[in-house]
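Some notes on the structure that comes next.
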Amino acid sequence: MNKLLITLMMAAGLAACSQESKQEAQEAASAVASEVQAEASSVQAAAQEAAPSAEAASTEAKPEEKAEAPAAEAKPEAKAEASVAVDGQKIFEASCKMCHGGTIPGAPVVGKKDDWAPRIAKGKETLHKHALEGFNAMPAKGGNAGLSDDEVKAAVDYMANQSGATF
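Numbered by my numbering, the letters in the sequence shown go through residues 301 to 467 in order.
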């Protein structure tokens, strides 16, 4: 009965949101995606520029030095992954704040440590799983199927960290 009541309240809260707020949330999510794509493109371009000089260095290297060359070439890719990190706060503002800002009963409010403590105690992986697959009244990915798994995880980490976690 409680789950049904929470679900109905959640649906009423979502329905009460104006079309303008929904559009703003979609635009913000699109902007984040564009920023991530632009950053990925610039990192990829830098990696492509570095590839010829790395290849030339490996050609000039002695046989025992050639074995180390692939490790040096792999470093730009590692940097690319790190620099394409998703901004959890932006995802939260665009997609999660509507419920986790205190408008939906039962949804843990960001910043309220008492709301989040039992959830944080279950661990990061469990929080990620619940957010990705849905849990109790919360739908999978918070109802925004357009989010990538990494975006959902970044938003969860942001919310949990704002509420006492150290993920």
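Note that CB positions come from ideal geometry on N, CA and C, so glycine has one too.
Beta carbon of residue i nearer than 8 Å to that of residue j
| i | j | result |
| --- | --- | --- |
| Val409 | Ala431 | no |
| Ser463 | Lys412 | yes |
| Ser395 | Leu447 | yes |
| Gly406 | Ala440 | no |
| Glu451 | Ile391 | yes |
| Val386 | Ala445 | no |
Cut-off 7 Å between Cβ atoms - residues of its own chain near residue i, not counting five sequence neighbours on either side
| i | result |
| --- | --- |
| Phe467 | Lys424, Asp457, Ala460 and Asn461 |
| Ala417 | Gly464 |
| Asp449 | Leu432 |
| Gly443 | none |
| Gln389 | Tyr458 |
DSSP state of residue i mapped onto helix, strand, coil
| i | result |
| --- | --- |
| Phe467 | coil |
Neighbourhood of residue i by C-beta, 6 Å cutoff - its chain only, sequence neighbours within 5 removed
| i | result |
| --- | --- |
| Ala465 | Ile420 |
| Cys399 | Ala407 |
Proximal residues to residue i (C-beta, below 8 Å), its chain only, five neighbours per side dropped
| i | result |
| --- | --- |
| Asp269 | The structure shown does not extend to residue 269, since the chain is modelled only from 301 to 467, so the question has no answer here. |
| Gly241 | There is no way to answer for residue 241, as the model of the chain reaches only from 301 to 467. |
| Glu364 | Its pLDDT being 49, under 50, Glu364 is placed unreliably in this model, and the value from its coordinates should be taken loosely. There are no such residues. |
Run of the alpha helix (DSSP H) containing residue i, from where it starts to where it stops
| i | result |
| --- | --- |
| Val452 | Asp449 to Asn461 |
| Lys441 | Neither: Lys441 is in no alpha helix (DSSP H) and is coded neither H nor E. |
| Gly388 | Gly388 to Ile391 |
| Lys413 | Lys413 to Ala421 |
| Thr403 | Per DSSP, Thr403 belongs to no alpha helix (DSSP H) and is neither H nor E. |
| Ala525 | Look at the range of the chain in this structure, 301 to 467, and you will see that residue 525 is not part of it. |
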